[in-house]
Amino acid sequence: MRAGETVLEIGGGIGDIEIELLRSGAERATNVELSAAYEELGTTLFEQEGFEGRIEWRYGDISTDPELAPPADVVVLNRVVCCYPDMAALVGAAAEKTRRSLALSFPRDTLLMRTGGRAINAWCRLRRSDFRFFVHPPPEIVAAARKRGLHLVHQHRGRLWQIAALERS
Ligand SMILES: C[S@@+](CC[C@H](N)C(=O)[O-])C[C@H]1O[C@@H](n2cnc3c(N)ncnc32)[C@H](O)[C@@H]1O
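Residue numbers (my numbering): 52 to 220.
So, in structure tokens, the structure goes:
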């Protein structure tokens, strides 16, 4: 992080990545979530770190409501693209908000992950849960961000997950 920069995390859960980025010099963070379940624990964590007042919790879907959060220098989606059906809309909305860098993690498009995804979805249907796991094609994820003027600067493939970092050209 560069000192004084802002962070937008989409689907940031309790905000642990935002805490790391504040530790490394960010000034403020915004966490846009579909679920309010994380805020209580997240607020406690931010207070313990001395970061109270430097996080804003917002609720909704940024791909259908882009006004939810202002643009930020650094935008992060960690394990979120796999929870959302309209990947192009979500990644596109995130890229639109990116002033400098966009970091994404998502499942690798492998037989193991596709099979695991099908098993998770079968279990969710059985439990009557609306949650679904998506293995979106990684080249299409990167392409959705590139369409908004970002270029790929780093890619890492782990055994299960892949990371892509893009910057504004
Ligand atoms: C698997 S969890 C990951 C949470 C956190 N990023 C982490 O890695 O611990 C996915 C999160 O993304 C959120 N989410 C999914 N689609 C979203 C969207 N369109 N906008 C905001 N949050 C979203 C869900 O509410 C959920 O909390």
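We put the beta carbon where it would ideally sit given N, CA and C, even for glycine.
Keep in mind the model is a prediction, meaning the values are calculated, not measured.
In terms of residues, what are the limits of the alpha helix (DSSP H) holding residue i?
i: ILE113; result: It is not in any alpha helix (DSSP H) - ILE113 carries neither H nor E in the DSSP assignment.
i: LEU203; result: Unbroken run through LEU203 is the beta strand (DSSP E), 201–208; no alpha helix (DSSP H).
i: ALA195; result: 189–197
i: ILE70; result: 67–74
i: THR161; result: Careful: THR161 lies outside any alpha helix (DSSP H) and carries neither H nor E.
On the DSSP letters alone, give me the boundaries of the beta strand (DSSP E) that residue i sits inside.
i: PHE157; result: 149–158
i: GLU60; result: 57–61
i: LEU92; result: Looking at the DSSP string, LEU92 is not in any beta strand (DSSP E); the run it does join, the alpha helix (DSSP H), is 90–99.
i: GLU218; result: 212–219
Kindly give me the distance between the Cβ atoms of residue i and residue j, rounded to whole angstroms, as I take these residues to be in contact under 8 Å.
i: GLY62; j: LEU155; result: Contact flag wrong, Cβ pair sits at about 11 Å.
i: PRO158; j: LEU211; result: 7 Å
i: ASP124; j: ARG151; result: 5 Å
i: PHE93; j: ILE68; result: Checking the sequence shown, residue 93 turns out to be Gly, not Phe. In fact, because the Cβ distance is near 11 Å, the residues do not count as touching under 8 Å.
With the cut-off set at 9 Å, would you say residue i and residue j are in Cβ contact?
i: ALA216; j: GLY143; result: no
i: VAL83; j: ARG109; result: yes
i: ARG199; j: GLU147; result: yes
i: MET138; j: HIS187; result: yes
i: THR149; j: PRO190; result: no
i: ALA140; j: LEU59; result: no
task = List in chain order the residues whose CB is within less than 6 Å of at least one heavy atom of ligand 3.
result = This structure lacks ligand 3; its bound ligands are ligand 1.
task = Count the C-beta pairs between the stretch 104–124 and the stretch 167–176 that are closer than 8 Å, then say yes if the count reaches three, no if not.
result = no
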